[in-house]
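A short write-up of the structure that comes next.
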Ligand code: G4P
């Protein structure tokens, strides 16, 4: 069991059979040791790929993605959910529907920061139904960039995102795989 899995078991909370609360180290308070370890583990897995850029989605993907960009020594691009007033010029956009929140948003990346020369690693904090990951993939594909892999901190393996990404042939690496949250118990895959 890696350090992240230990932390999830010790400090995560199964709010329901669908939702894992990790506010104390990932979603609100950020635990530096957790993030350093996430960066190291993604580095160990992806280091031999010709990655020159990391893409994540604001906001909770930023911390693990930044640690990974530090470990791989490549820049980090943050896909925005809202187009800010300082985002001028042309951009790639993809509509993402969140089953959890039952709302849609437009993922936006400025064309300045993504091109067909890029070999990208997508990093995100959670993989549930895979809609956010699909939005990031879409944006990369619009740019003609090569997707070298997808790194996920916590995958809820009982939801359909992982299977969908596997079926599409992506190299997905999840650091913590949650098998079940039933009965307020966190059960990890392979436990
Ligand atoms: P999907 O992208 O895999 O389809 O997931 P979904 O739309 O269902 O998830 C929407 C948001 O909820 C995402 O955060 C995702 O990270 C988060 N999420 C999904 N399942 C869980 C869970 O069990 N626990 C926690 N803590 N978060 C979960 P977001 O809206 O992008 O938020 P943020 O990144 O700004 O924090």
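Numbering (my numbering), first residue to last: 654 to 844. Each residue gets a CB set at the ideal place from its N, CA and C atoms; glycine is no exception.
Subject >> Chain-order list of residues whose beta-carbon lies under 7 Å from that of residue 688 (same chain, five-residue window excluded) >> reply: As a working mapping, residue 688 is identified with position 35 in the chain shown. These residues qualify, in order along the chain: 716, 717 and 720.
Original post:
Quick one: is the Cβ of residue 673 within less than 7 Å of any heavy atom of the ligand GDP?
Top reply: Among the ligands present in this structure, namely the ligand G4P, the ligand GDP is not found.
Subject >> Straight-line Cα distance separating residue 836 from residue 743 >> reply: As a working mapping, residue 743 is identified with position 90 in the chain shown. As a working mapping, residue 836 is identified with position 183 in the chain shown. About 48 Å.
**OP:** Go ahead and pull the three-state DSSP assignment for residue 823.
**Re:** Within the chain shown, the letter at position 170 stands for residue 823. Correct three-state label for residue 823: coil.
Subject >> residue 679, enclosing alpha helix (DSSP H) - first and last residue >> reply: The count along the chain shown starts at 1 and reaches residue 679 at position 26. No alpha helix (DSSP H) contains residue 679, which DSSP labels as neither H nor E.
**OP:** Taking all protein chains shown into account, decide if residue 692 is buried (16 or more other Cβ within 10 angstroms of its Cβ) or exposed.
**Re:** On the chain shown, residue 692 is found 39 positions in, with the first residue counted as 1. Flag for residue 692 reads buried.
**OP:** Examine the ligand G4P and report whether any of its heavy atoms sits within less than 7 Å of the Cβ of residue 842.
**Re:** As a first step, residue 842 is located in the chain shown; it is residue number 189 there, counting from the start. No; taking the cut-off as 7 Å, the Cβ of residue 842 has no heavy atom of the ligand G4P nearer than that.
Original post:
Counting pairs of beta carbons, one from the region 675-683 and one from the region 697-710, are three or more of them closer than 8 Å?
Top reply: no
Subject >> the ligand G4P heavy atom lying under 7 Å from the CB of residue 701 >> reply: Sequence index remark: in the chain shown, residue 701 carries index 48 (1-based). Not under cutoff, so the answer is no.
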